[in-house]
Amino acid sequence: MQEITSKDNAVFKYAAKLKDKRFRADEGQYLAEGERLVLDLIAYGFSGDIAFILVEKPIYDRHSTEFAAVKTYIITEKLAGILADTENGQGIFAAVKKPASKPPSGKNALLLDRIRDPGNLGTIIRSAAAFGFRDIATDNCADPFSPKTVRAAMGCIPKVNLFEADVGFMKSAGYSVVCADMGGLPAETFSRPEKMCLVIGNEANGISDAIRSKADAIVSISMEGVESLNASVSAAILMYELKKQEK
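Just so we're aligned: 241 in this note's numbering is position 224 of the sequence shown, and the numbers increase by one with no gaps anywhere.
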């Protein structure tokens, strides 16, 4: 098993560069950090998308069987600290191939309108994978492959189809556009269209006027005592409710 002890090592330097958005775009890879996250990628069957793993030896010793099919390097605690995107890093990182974008094809799709918080974006991706909204269009959102987004998505990025698109594209693909807004029909009484694109708006400003003007319907969440919910919480509730109505 090869060990890396210097920050000048080529493999380590490559991993460090994956923290940069432009480098990620050029290389078609992103950096996944965290023991559960990396192990979930392997457990979900995506080990073939992992270019290599960098891991501290105690973690490697616990999971050497899981790492057997992936090129793995042992790194020092100091090097792990350099790579870590969190204050208390977990000592394990994977360079992962970005999934290829495909035309949307499912009955359920999402359009995310200016979701700017990486944590919200990652949480929405995870919920979308759970509730069958596998086609996710992003319109002027945070980078889906930033370290914080990847952590929040918890291994679900390879499970969804991420692509950049606007509301016009989604309508041309045959989707009825359903916007989430407090003034809409309660989701539990809404009769959903067969092929639906749910729109979740910006955390502070909601859905843009340009998208709202093209909406086929507007839905809301019935609430008591509060006026609004976090974007990722709202997205999860609406996806769950509208998935139940799928014909």
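Note that beta-carbon positions come from the ideal geometry of N, C-alpha and C, so glycine has one too.
query: In angstroms, rounded to a whole number, what distance separates the CA positions of aspartate 134 and isoleucine 254?; result: 19 Å
query: Between the stretch 226-238 and the stretch 175-194, can you find at least three pairs of beta-carbon atoms closer than 8 Å?; result: yes
query: Taking the alpha-carbon of tyrosine 61 as reference, which of Ile174, Ala117 and Gly149 has the nearest alpha-carbon?; result: Ile174
query: Go ahead and label arginine 39 buried or exposed: buried means 16 or more other beta carbons lie within 10 angstroms of its beta carbon, across all protein chains shown.; result: exposed
query: Could you tell me the boundaries of the alpha helix (DSSP H) in which isoleucine 142 lies?; result: 135-148
query: Can you tell me whether DSSP reads phenylalanine 63 as helix, strand or coil?; result: coil
query: On the DSSP bridge list, what partners appear for valine 236?; result: Leu202
query: Please state the DSSP three-state secondary structure of aspartate 226.; result: helix
query: Does the Cβ-Cβ distance between leucine 215 and leucine 259 come in under 8 Å?; result: yes
query: Using 8 Å as the cut-off, can you tell me whether the stretch 140-158 makes contact with the stretch 90-99, which would need three or more C-beta pairs spanning the two stretches below that distance?; result: no
query: Which partner residues of glutamate 181 appear in the DSSP bridge assignment?; result: Thr155
query: Can you list, in chain order, the residues of its chain whose CB lies under 7 Å from that of arginine 41, leaving out five sequence neighbours each side?; result: Leu35, Tyr47 and Phe162
query: Counting Cβ pairs closer than 8 Å, one from the stretch 111-121 and one from the stretch 138-147, do we hit at least three?; result: no
query: Take the Cβ of valine 243 as the centre, count every other Cβ of all protein chains shown within 10 Å, and call the residue buried at 16 or more, exposed below.; result: exposed
query: Tell me, to the nearest whole angstrom, how far the beta carbon of alanine 204 is from that of isoleucine 228; I am working on the premise that it is less than 8 Å.; result: About 18 Å; that fails the 8 Å criterion.
query: With which residues is isoleucine 109 paired in a DSSP beta bridge?; result: Val72
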